[in-house]
Amino acid sequence: MTSSADDPIDADADALRRLLRHQASTVTVVTAPGAPPVGFTATSFTSVSLTPPIVSFCLNLGSSTWPTLAQARHVAVHLLAHGQHKLAQIFATSGIDRFAAPTRWRPGPNGLPILDGALAWLACRVVDRVVVGDHAVVLAEPELLRHADVGSPLLYHRGRYAGLADAPDGTARRAAA
Ligand SMILES: Cc1cc2nc3c(=O)[nH]c(=O)nc-3n(C[C@H](O)[C@H](O)[C@H](O)COP(=O)(O)O)c2cc1C
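If you're matching positions, the sequence shown starts at 1 in the UniProt record's numbering and goes up one per residue.
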């Protein structure tokens, strides 16, 4: 039997990773208090329920953030704005102090590190952690939030940071880096 480009292929980890490059995602940074505080860039953030309000994100169990997140009672999720791709890079880089300059942040509710300049942030109480394969799905209830009236999001697509082509305020037209 001959195969064609239309034939489905086995959905193993590599195939899934390649397919997911087609998924455009908003870019978030999740932070939690600690000594030192922790934070990581995540595209896995999503809303789960409105009543009650529940959001989720997934964290690799092998990441340096997991030991703190495994115990954390509160987390902050920041939806990054177009133009914040350097901040996204910092919070995805291993072995550096992600909270050192040029990162600008301040202590917020429950000691949560709140990053400057995000489009929106949510201060959440962790309600559950479900280990699934090599990741934990963290479920959290937003308690306080803040969002901008204008601005467009930082996106990630095909391994590149990007912005909306038709951002209403004209701030994002093309890939940033
Ligand atoms: C755009 C982007 C999105 C990411 N999304 C996630 C995510 O949703 N979950 C996750 O565990 N790691 C994600 N990562 C990887 C982490 O940000 C971080 O690089 C990884 O945890 C390695 O950090 P460590 O050296 O502290 O272990 C993402 C990285 C990038 C660049």
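Glycine residues also receive a C-beta, built at the ideal position from the N, C-alpha and C atoms. Just so it is clear, the structure is predicted and the values come from calculations on it, not from any experiment.
Under the three-state reduction of DSSP, which class applies to residue i: helix, strand or coil?
i: Leu19; result: helix
i: His78; result: strand
i: Gly133; result: coil
i: Ala176; result: Residue placement at Ala176 is poorly supported in this model, since its pLDDT is 31, which falls under 50; the coordinates are not used for a value here.
i: Leu69; result: helix
i: Ala5; result: coil
i: Pro142; result: strand
i: Gly111; result: helix
i: Ala13; result: helix
So the beta strand (DSSP E) residue i belongs to, where does it begin and stop?
i: Thr31; result: 28 to 32
i: Leu59; result: 54 to 60
Tell me whether residue i counts as near ligand 1, meaning its Cβ is closer than 6 Å to at least one heavy atom of that ligand.
i: Ser44; result: yes
i: Ala92; result: yes
i: Thr51; result: no
If the criterion is Cβ atoms closer than 7 Å, does the pair residue i and residue j meet it?
i: Ala123; j: Glu143; result: yes
i: Leu154; j: His85; result: yes
Need the endpoints of the alpha helix (DSSP H) that residue i sits in, please.
i: Ala88; result: 85 to 90
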